[in-house]
């Protein structure tokens, strides 16, 4: 059994017992049998009797998400049943029941007064208190739903264009691939990794307490060609310039969205822009884009005509358009092949060609993966159009280590699986956690992600593999799409663009 799983089991059992022991005392005070507090489902039936709610609510406690809302209400109502009406009592009942229930369950000065609806003397609530109670109920329920079930995301960049557009708002399922247990408990709720106060930006979390990775079983696994939301793996070494700085806790690294092009155990290779998996041609997304150089006869492009082809305004704010300063008749567009064919028919276009990097030419403009021991392409002459072949690590897969593949796998071994790895370049011997070895067995599954906007996407070609503990969820549908250049894009709302 993994130590991380064992830690969570110990924590879960301790919290469960603390709550049940507290309910044991509360049940006895209410004239019920104490042992009933320890019987799953039946204990909820007795609980509902104590607070005066219908027995059929037991069915609601068995429904995911709905159970969360019902349980928040049941916690507050049982506190009221024992005369505890203060806002702080209700906060404790909802957030810290493992402390609060034992405290009131065994306090001899606290008695059972019957279901709250039967109480004759109830403290009057001010308007402020009514709002506070409503926010407590809604806030806790929303936080649980956001953590374990569904979260809203916005697409900030054009790396998945035109499959997903900047300004698309998505609902992302946490339960499809299995929700992760929270890893950093000391964090501001409902924000990700930073808090903005005035003109200042602060981290939204404290690293003092961190729990190990644990994921509940999901409905499915990440499949090849799925669009996936995940935590940016290299955020601990790269500052994204958004004020958050470098972020080490896995679950608080920035959220990215890309397409999974290779799953654990796949051999990935890119040859002249085409992806190959285990030697077979990979599937190409219908809206896949590349960078094209367009040479004109000196006249420009109609904004109206280009808008009909799906382009934003042709200006410096457009991430998929550039005009050459040195050669005013040369334009750079990032677009699908079909769009390039349409533009090639324009009367002002002389030539149009995709801007591809040839095989064997190391890309010095970008930090292509792997960078360890490969700064000048000494081991791998990768570029964004010709990459690999590389094997995507799979849990339980053992690889023989050598200076070449160590460049690929050092990052997963050290940063993601937490081992101390050293290479003696003189003797070419490798030590992991102080022991000399010539092999390594991976403890997690890994994935290779790429954006559909292939020449305008920072993805696995730059920073390598995505570990399973970085997987956040699966996009469900676009619920809103808005961008200042286009306004509300009603045609994008729905499931049409999520594959």
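Numbering (our numbering), first residue to last: 2 to 500.
Glycine included, C-beta positions come from ideal geometry on N, C-alpha and C.
These figures come from a predicted structure and were not determined experimentally.
| query | result |
| --- | --- |
| Tell me the residue span of the beta strand (DSSP E) that contains residue 447. | 447 to 451 |
| Which residue wins for smallest C-alpha separation from residue 72, given the options 49, 188 and 87? | 49 |
| Buried or exposed for residue 362, going by 16 or more other Cβ atoms inside 10 Å? | exposed |
| In whole angstroms, what separates the C-alpha of residue 407 from that of residue 15? | 42 angstroms |
| Compute the Euclidean distance between the alpha carbons of residue 159 and residue 335, then round it to the nearest angstrom. | 10 angstroms |
| So, helix, strand or coil for residue 178, using DSSP? | coil |
| Curious, which full-length beta strand (DSSP E) runs of at least 3 residues does the region 141 to 166 contain? | 151 to 155 |
| So the candidates are 211, 405, 209 and 175; which of them puts its Cα closest to the Cα of residue 231? | 175 |
| Evaluate contact between the region 109 to 119 and the region 62 to 69, counting only Cβ atoms and requiring at least three cross-stretch pairs below 8 angstroms. | no |
| State the Cα-Cα distance for the pair residue 2 and residue 388, rounded to the nearest angstrom. | Summary for residue 2: the model assigns pLDDT 41, below 50, so the residue's position carries little reliability; its value from the coordinates is reported in the next sentence. Cα to Cα, the separation comes out at about 37 angstroms. |
| Could you check the C-alpha separation between residue 440 and residue 269 for me, to the nearest Å? | 21 angstroms |
| My output table needs one value for residue 103: the three-state DSSP class, helix, strand or coil. | helix |
| Quick check on DSSP: helix, strand or coil for residue 1? | Since the displayed the chain opens at 2 and closes at 500, residue 1 lies outside it and no answer follows. |
| What residue does the beta strand (DSSP E) around residue 332 start on, and which one ends it? | 331 to 337 |
| Evaluate contact between the region 390 to 405 and the region 424 to 444, counting only Cβ atoms and requiring at least three cross-stretch pairs below 8 angstroms. | yes |
| Reducing DSSP to helix, strand and coil, say where residue 373 ends up. | coil |
| I'd like to know whether the C-beta atoms of residue 227 and residue 475 end up nearer to each other than 9 angstroms. | yes |
| On the CB-based measure, 16 or more other CB atoms within 10 Å of its CB, does residue 67 come out buried or exposed? | exposed |
| Can you tell which of 26, 235, 161 and 147 has its C-alpha closest to the C-alpha of residue 291? | 161 |
| Distance check for residue 283 and residue 235, CA to CA, integer angstroms please. | 26 angstroms |
| So which of 260, 91, 153 and 137 has the shortest CA-CA distance to residue 289? | 260 |
| Closest by CA to residue 1, which one among 200, 453 and 179? | Lying before the first or after the last residue shown, residue 1 is absent from the chain, which here runs from 2 to 500. |
| Excluding five sequence neighbours on each side, which residues of the same chain lie with their C-beta closer than 6 angstroms to the C-beta of residue 141? | 73 and 95 |
| Just mark residue 428 as buried or exposed, buried being the case when its beta carbon has 16 or more other beta carbons within 10 Å. | exposed |
| Spell out the partners DSSP gives residue 281 in its beta bridges. | 278 |
| Are at least three pairs of beta-carbons, each pair with one atom in the region 72 to 92 and one in the region 134 to 148, less than 8 angstroms apart? | yes |
| What is the DSSP secondary structure of residue 484, counted as helix, strand or coil? | strand |
| Less than 9 angstroms separating the beta-carbons of residue 391 and residue 409? | yes |
| Here's the rule I'm using: 16 or more other beta-carbon atoms within 10 Å means buried, otherwise exposed. How should residue 437 be labelled? | exposed |
| Would residue 97 be called buried (16 or more neighbouring beta carbons within 10 Å of its own) or exposed? | exposed |
| If you draw a straight line from the C-alpha of residue 262 to the C-alpha of residue 393, how long is it? | 11 angstroms |
| Evaluate contact between the region 113 to 123 and the region 36 to 53, counting only Cβ atoms and requiring at least three cross-stretch pairs below 8 angstroms. | yes |
| When we look at the beta-carbon of residue 240 and count the other beta-carbons within 10 Å, is it buried (16 or more) or exposed? | exposed |
| Which residue wins for smallest C-alpha separation from residue 157, given the options 131, 255, 151 and 207? | 255 |
| Below 9 angstroms between beta carbons: does that hold for residue 99 and residue 23? | yes |
| With distances taken from CA atoms, which of 58, 497, 487 and 168 is nearest residue 311? | 487 |
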